[in-house]
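Visitor:
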Amino acid sequence: MSERILSLAALTVLELSPPEMVDVAARAGYSHVGLRLVPATPEEYHFPLVADAELRRQTLARLRDTGIKVFDVEILRLRPETRVADFEQILAVGAELGASELLVAGNDPDEARQTDNFAALCDLAAGFSLNPHLEFMPWTDARDLLQAMRIVESAGRANGCVLVDAFHFNRSGSRLEDLARLDPARIHYAQLCDVAGPRPDDMAEILRQARNERRFPGDGDCDLLGLLRTLPANLPLSLEIPTRQLLEQGVSALERAQIAIDKTRTLLALV
C-alpha cells in the first residue's frame, strides 16, 4: 500500500507566505500543501498568488527545491451573483501550481442555481484538470453532507466531488451511515482535525471555532476513527487545524505543523 498523502492546509499556518509554507511542510514531513488563492474572509491577511507573478515564481521554485507538491487550492464561493467564467484565472493559477483538487463553498440559498453553477464550474475546471469539491459547512447553503451530496449528484459531472471536513461533519450533525453511501469516486480527499465539546447552539461560536480553535487529532471529541474507517481506504488527508491560541502563545508554525502530522500519524496507526 502506498503511503497516505498528508497535506498541510493553509488555515493551519495562515500567517506564512506560500514559499514559507512549503518550507515548513517539507521540514515537518508532509508530501503536499494546500494553497489559498482567494481569501476566505475580507479580514483575512492574504498573500496574492493570483495577482503576484513574482510570488508565484518564488513558490514554484520552493516547490521544486523541496519536492513538495500542491494538492488543493481554495476557496471559491458560489454566490447568487457568481459568474463562473470569472474564476478562469484562478483555475489557471491552480493548474500552474500543479494542484488537482479545488475547494468550493456554497453560498447561494437557491439550491437549483447553486447546482447549475457547480456544474458549470466543473466544466470549466475540467479544462485545467481540477476536481471541484463542494465543502459542506453548517453556516453555508451547503449545510451538511446530505445537501452537498444532493448538489454534487444533481450537477452530474464526473469531476464533481464532496469535501468532508471532520469539523463540519461533527458540527453539522452529519452521519457515518450517510457517508458510507457516498460514491468513492466523489471524494478525492478529506480534511482532518478534532473538535472539543458538544455542538454549540450559537452558529457564530461554531464559526469562531472553525476558523480559530480546532484541536489536533485525538485531542477532542470527534469520532475520528469512525470517520476514517468509513472514508475510502488510504484517502489523502489535508490537515486543517487552526489553533490561534497556540499562535498567540508563540508556538511557531513549524511546531504546530509538526504536532498536527505527528498526532495524525498516531491516529492513523489505530485505523
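Numbering (UniProt numbering), first residue to last: 1 to 271.
Ideal placement from N, C-alpha and C gives every residue a C-beta, glycine not left out.
Quick one: give me the first and last residue of the alpha helix (DSSP H) that ILE151 is part of.
Guide: What you label residue 151 is simply residue 151 of the sequence shown in a count that begins at 1. Segment 145-155, the alpha helix (DSSP H) holding ILE151.
Visitor: Going by DSSP, what residues sit across from LYS69 in a beta bridge?
Guide: Here the question's residue 69 lines up with position 69 in the sequence shown. Answer is HIS32.
Visitor: Helix, strand or coil for ILE5 per DSSP?
Guide: Here residue 5 is taken as the residue at index 5 of the sequence shown, counted from 1. Three-state result, ILE5: coil.
Visitor: Is GLU20 closer than 9 Å to LEU60 when the C-beta atoms are compared?
Guide: Numbered from 1 along the sequence shown, position 60 holds the residue referred to as residue 60. Numbered from 1 along the sequence shown, position 20 holds the residue referred to as residue 20. Not a contact, by the Cβ cut-off of 9 Å.
Visitor: Can you tell which of THR66, THR12, LEU179 and GLU81 has the C-alpha that lies nearest to the C-alpha of MET149?
Guide: Here the question's residue 149 lines up with position 149 in the sequence shown. Comparing Cα positions, the closest option is LEU179.
Visitor: Figure out for me which residue from GLY220, ASP183 and GLU101 has the closest Cα to the Cα of ILE75.
Guide: Walking along the sequence shown from the start, residue 75 turns up at place 75. Residue GLU101 is the option with its Cα nearest to ILE75.
Visitor: So what does GLN191 bridge to, in DSSP terms?
Guide: For the purposes of this step, residue 191 is identified with residue 191 of the sequence shown, where counting begins at 1. Answer is ASP165 and SER238, bridged to GLN191.
Visitor: Note down, in chain order, each residue of its chain lying with its Cβ closer than 7 Å to the Cβ of VAL50, except the 5 sequence neighbours on either side.
Guide: For the purposes of this step, residue 50 is taken as residue 50 along the sequence shown, with counting starting at 1. LEU37, GLN89, ILE90 and VAL93, listed in sequence order.
Visitor: Check whether the Cβ atoms of PHE136 and ASP144 sit closer than 9 Å, and answer yes or no.
Guide: The count along the sequence shown starts at 1 and reaches residue 136 at position 136. The count along the sequence shown starts at 1 and reaches residue 144 at position 144. Yes. Within cutoff.
Visitor: Exposed or buried, TYR189, counting other C-beta atoms within 10 Å across all chains shown (16 or more means buried)?
Guide: Position 189 of the sequence shown, counted from the first residue, corresponds to residue 189. That one is buried.
Visitor: In the DSSP assignment, find the unbroken alpha helix (DSSP H) run with ASN117 in it and report its ends.
Guide: Counting from 1 along the sequence shown, the entry for residue 117 is found at position 117. Run containing ASN117: 111-126, per the alpha helix (DSSP H) assignment.
Visitor: Could you check if LEU270 is buried or exposed, using at least 16 other CB atoms within 10 Å of its CB as the buried criterion?
Guide: Along the sequence shown, one-based indexing puts residue 270 at 270. Exposed: under 16 other Cβ atoms inside 10 Å.
Visitor: Residues in its own chain within less than 6 Å of THR140 by CB, not counting five upstream and five downstream?
Guide: Walking along the sequence shown from the start, residue 140 turns up at place 140. ALA105, GLY106 and ASN107, listed in sequence order.
Visitor: Given GLY220, which residues of its chain have a CB within under 7 Å of its CB, disregarding the five upstream and five downstream residues?
Guide: Locating residue 220 in the sequence shown gives position 220, counting from the first residue. So the list reads ASP194, VAL195 and ALA196, once near-sequence residues are dropped.
Visitor: Please tell me whether PHE169 and GLU240 are closer than 9 Å, where the distance is taken between their beta carbons.
Guide: Residue mapping note: residue 169 aligns to position 169 of the sequence shown, counting from 1. Residue mapping note: residue 240 aligns to position 240 of the sequence shown, counting from 1. Not closer than 9 Å, so no.
Visitor: Cα separation between GLU3 and VAL70?
Guide: Against the sequence shown, residue 3 aligns to sequence position 3. Against the sequence shown, residue 70 aligns to sequence position 70. Cα to Cα, GLU3 sits roughly 17 Å from VAL70.
Visitor: Within 10 Å of its beta-carbon, does VAL84 have 16 or more other beta-carbons around it, so buried, or fewer, so exposed?
Guide: In the sequence shown, the residue the question calls residue 84 occupies position 84. Buried is the call here.
Visitor: Please name the residue in GLY98, ALA99, PRO109 and ASP72 whose C-alpha comes closest to that of ALA81.
Guide: As a position in the sequence shown, residue 81 is number 81, starting the count at 1. Position check: residue 81 holds Glu in this sequence, whereas Ala was assumed. Minimum Cα distance to GLU81 is reached at PRO109.
Visitor: For the alpha helix (DSSP H) holding VAL93, just list the boundary residues, first then last.
Guide: In the sequence shown, residue 93 corresponds to position 93, counting from 1. Counting along the chain, the alpha helix (DSSP H) containing VAL93 begins and ends at 88-96.
Visitor: Can you look up GLN226 in the DSSP assignment and give me helix, strand or coil?
Guide: Walking along the sequence shown from the start, residue 226 turns up at place 226. Contrary to the premise, residue 226 reads as Gly rather than Gln in this sequence. Three-state DSSP puts GLY226 in a helix.
Visitor: Taking its Cβ as the centre, do 16 or more other Cβ atoms sit within 10 Å of ARG214, making it buried, or is it exposed?
Guide: Translated into positions along the sequence shown, residue 214 becomes position 214. So ARG214 counts as buried.
Visitor: DSSP three-state call for VAL271: helix, strand or coil?
Guide: The residue you call residue 271 lines up with position 271 of the sequence shown. DSSP places VAL271 in coil when its eight states are reduced to three.
Visitor: GLU213 lies in the beta strand (DSSP E); which residues open and close that run?
Guide: For the purposes of this step, residue 213 is taken as residue 213 along the sequence shown, with counting starting at 1. Per DSSP, GLU213 belongs to no beta strand (DSSP E) and is neither H nor E.
Visitor: Please check the pair VAL24 and ALA257, which I expect to be a contact at CB under 8 Å, by giving their CB distance rounded to whole angstroms.
Guide: As a working mapping, residue 24 is identified with position 24 in the sequence shown. As a working mapping, residue 257 is identified with position 257 in the sequence shown. That pair is a contact at about 5 Å.
Visitor: Could you spell out where the alpha helix (DSSP H) holding LEU179 opens and where it closes?
Guide: Numbered from its first residue, the sequence shown carries residue 179 at position 179. Start and end: 176-179.
Visitor: Assuming THR264 contacts LEU6 (C-beta within less than 8 Å), just tell me the rounded distance between them.
Guide: For this step, residue 264 is matched to residue 264 along the sequence shown. For this step, residue 6 is matched to residue 6 along the sequence shown. Yes, THR264 and LEU6 are in contact; Cβ-Cβ is about 6 Å, under 8 Å.
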